[in-house]
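This report refers to the structure that appears directly beneath it.
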DNA sequence: TATCAAAATGTAATCCATTACATATTTGAT
DNA sequence: ATCAAATATGTAATGGATTACATTTTGATA
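And the structure:
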């Protein structure tokens, strides 16, 4: 591979001039620029980003931390991140943490190693103190998850409000016994959605018992299905609606309802959260809360890049939207 | 951020010694190593990968090109790639080409720029000649897609055989009129699966007409649904089974069957291809062809790394498996 | 034509780590 | 105690680009 030296020699100029043609073309005569560009063409020269990055001490790389790439929710956010990052001349490093602290550390080291200029994290299981400390040294933006009291920048939706509204919608439809399928409460969104759920119940004077809330460790189709199986065998007839805090769980639960011949929505209403693509393909289609996932990713990048440039940024809370479909 | 110089000064040794502690600890006295490690600890030193990469002229980064990240099929492969790459000390750059040549070029430039040590491409729409030429200079492995006549390394399954077997399965079940929902034939897999489909028909002496094959431009749920809608309105009653070359298309088609109240599998059988997670959640569950996607990704990385090291590699064809479920 | 500011180009330091080669130190046998 | 061999450490070049500063060229003006 040819280097900038080779080009300089071939064009009969100095390396500085070649570099200028690349970076500040206006500082170079038309004639020399032509010479240099011809030489580059001839040699099929492409500047080594390794060299450039070292000199500029930047990597033009953004770290994106997600629990699992197979969760469609994160996927759409990542799409938003990717597109926007690319527009700004950054590439992204998508890393799955599997919600394990060791993994997280490994990836955060990429910041220390200057392999990434900043990070967007969507993983809530992180050791918060460490994250806060890291954020003092490196540009970091939290996406979707956040921490109220801590000094970390974030972009999210108002999960509590959305859950409150969705629950209220179910209550207004006449449901009195609603089961909440929650994911692990280490996730802030899980705690928030539960809070909104309870607030709505309270407002409608529905008495509430702890065993109306089911928790799952994994956010997978199977986990949702499992919960519904167990619900149907223990509590059949005692509830008429299910609120799952994630579409993936809702889809699994819906599947079990289908299998057991429980008619949706006549015998049982079910709602999810996120509006992932699949919710449009279930039978019946799933009522859910739309999060502007793509936009969230896109803005997260904007925020992060501002941070990298040393600008001040403000936290962002995006709007959500209830999507009422045939499962209710 | 401290540099290796800082550590050297603090530990009272030369930079060479610090580097040795990092790279060849055996070449250093226990005592000095301790000193150096203490210094590193104290300064919270992490070696700059930028510097290291420049010196070693490698980036320890692999390029992964996929058409669209939102296609669950590629997703699972990417998981396999990520895990395996990480085990080998490589990070991956997942890039969506959106099947556009401009995008591809941009990403391939990352190879020329030494930002990636090699590439795994799953995108078939690439300008093949350019790819072949590129592969002469850089380590490249094709995954899932490939080119028989060209000199490019690849890993794949035998799509033709799988499609043949699946079609035969349908024929044995007594279906005589089977519609093929194909994706764009620019994809090799599309051409291969069609070939297998036709081979089976021929073997069963089924006369074949061109209008039994539907092509879609996009591999999305909506596209599958659209095709089925059109099928039902133009050809209702004239066919009893549908073979979609991709689960995503099959799921969309199945959705339309559900909507229109066509019973699956009694009135209509439907099969897909890939065994993406969601096929387990449809109603009824989808019969499909399992591709060892994770393994495919994993082996692709092994191949690529061997190539990077300059070793010889052989192409790989992995086994597939028919997954017979309730949609047939 | 001589002069001089502005524009263009060149020289060399710099970013940070690795490593060949040179030098210093230790080891152990005599 | 001595010295060669083996081991440990240091010096300095290197990788490829950017850029402050120095130098040369250009071209307008007197």
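Protein chains in written order, with the working numbering: chain A, 50 to 377; chain B, 50 to 377.
Beta carbons are placed, not taken as given, at the ideal position from N, Cα and C, and that holds for glycine.
With a threshold of 8 Å between beta carbons, is residue i in contact with chain B?
{"i": "residue 119 of chain A", "result": "yes"}
{"i": "residue 304 of chain A", "result": "yes"}
{"i": "residue 298 of chain A", "result": "no"}
{"i": "residue 208 of chain A", "result": "no"}
{"i": "residue 275 of chain A", "result": "no"}
{"i": "residue 164 of chain A", "result": "yes"}
{"i": "residue 131 of chain A", "result": "yes"}
{"i": "residue 103 of chain A", "result": "yes"}
{"i": "residue 124 of chain A", "result": "yes"}
{"i": "residue 346 of chain A", "result": "no"}
{"i": "residue 176 of chain A", "result": "no"}
{"i": "residue 72 of chain A", "result": "no"}
{"i": "residue 157 of chain A", "result": "no"}
{"i": "residue 326 of chain A", "result": "yes"}
Apply the 10 Å Cβ neighbour rule to residue i and answer buried if 16 or more other Cβ atoms are within range, or exposed otherwise.
{"i": "residue 101 of chain A", "result": "buried"}
{"i": "residue 226 of chain B", "result": "exposed"}
{"i": "residue 78 of chain A", "result": "exposed"}
{"i": "residue 257 of chain A", "result": "exposed"}
{"i": "residue 74 of chain A", "result": "exposed"}
{"i": "residue 366 of chain B", "result": "exposed"}
{"i": "residue 369 of chain B", "result": "buried"}
{"i": "residue 45 of chain A", "result": "Since the first residue shown for chain A is 50 and the last is 377, residue 45 of chain A is missing from the structure and cannot be characterised."}
{"i": "residue 223 of chain B", "result": "exposed"}
{"i": "residue 97 of chain B", "result": "buried"}
{"i": "residue 282 of chain B", "result": "exposed"}
{"i": "residue 253 of chain B", "result": "exposed"}
{"i": "residue 359 of chain A", "result": "exposed"}
{"i": "residue 54 of chain A", "result": "exposed"}
{"i": "residue 185 of chain B", "result": "exposed"}
{"i": "residue 146 of chain A", "result": "buried"}
{"i": "residue 166 of chain B", "result": "buried"}
{"i": "residue 153 of chain B", "result": "buried"}
If you drop the 5 nearest sequence neighbours on each side, which residues of the same chain put their C-beta closer than 6 Å to that of residue i?
{"i": "residue 129 of chain B", "result": "343, 346, 347"}
{"i": "residue 236 of chain B", "result": "173"}
{"i": "residue 209 of chain B", "result": "241, 244, 245"}
{"i": "residue 189 of chain A", "result": "168"}
{"i": "residue 273 of chain A", "result": "298, 301, 302"}
Return the bridge partner residues of residue i from the DSSP annotation.
{"i": "residue 78 of chain B", "result": "The partner list for residue 78 of chain B (beta bridge, DSSP) is empty, contrary to what the question assumes."}
{"i": "residue 229 of chain A", "result": "A:262, A:292"}
{"i": "residue 113 of chain B", "result": "B:143, B:169"}
{"i": "residue 203 of chain B", "result": "B:191"}
{"i": "residue 319 of chain A", "result": "A:291"}
{"i": "residue 367 of chain B", "result": "B:206"}
{"i": "residue 373 of chain A", "result": "BP columns for residue 373 of chain A are empty, so no partner."}
Check whether the Cβ of residue i lies closer than 7 Å to any heavy atom of the ligand ATP, and answer yes or no.
{"i": "residue 237 of chain A", "result": "This structure does not include the ligand ATP; it has no bound ligands of any sort."}
Quick one: what's got a C-beta closer than 8 Å to residue i's C-beta in the same chain, skipping five residues either side?
{"i": "residue 287 of chain A", "result": "226"}
{"i": "residue 51 of chain A", "result": "92, 93, 94"}
{"i": "residue 307 of chain B", "result": "313, 332"}
{"i": "residue 106 of chain B", "result": "163"}
Just checking: is the beta-carbon of residue i within a distance shorter than 8 Å of some beta-carbon in chain A?
{"i": "residue 180 of chain B", "result": "no"}
{"i": "residue 191 of chain B", "result": "no"}
{"i": "residue 97 of chain B", "result": "yes"}
{"i": "residue 59 of chain B", "result": "no"}
{"i": "residue 127 of chain B", "result": "yes"}
{"i": "residue 108 of chain B", "result": "yes"}
{"i": "residue 332 of chain B", "result": "yes"}
{"i": "residue 143 of chain B", "result": "yes"}
{"i": "residue 161 of chain B", "result": "yes"}
{"i": "residue 270 of chain B", "result": "yes"}
{"i": "residue 55 of chain B", "result": "no"}
{"i": "residue 292 of chain B", "result": "no"}
{"i": "residue 100 of chain B", "result": "yes"}
{"i": "residue 267 of chain B", "result": "no"}
So, at 7 Å on beta carbons, what are the nonlocal neighbours of residue i in its own chain, with the 5 sequence-adjacent residues on each side left out?
{"i": "residue 113 of chain A", "result": "127, 130, 141, 142, 143, 144, 169"}
{"i": "residue 85 of chain B", "result": "56, 60, 62, 66, 67, 70"}
*asked:* Runs of 4 residues minimum, wholly inside the stretch 154-191 of chain A: which ones carry the alpha helix (DSSP H) assignment?
replied: 177-186
*Which parts of the stretch 324-362 of chain B are runs of the beta strand (DSSP E), unbroken and 3 residues or longer, counting only runs that do not cross its ends?*
337-339
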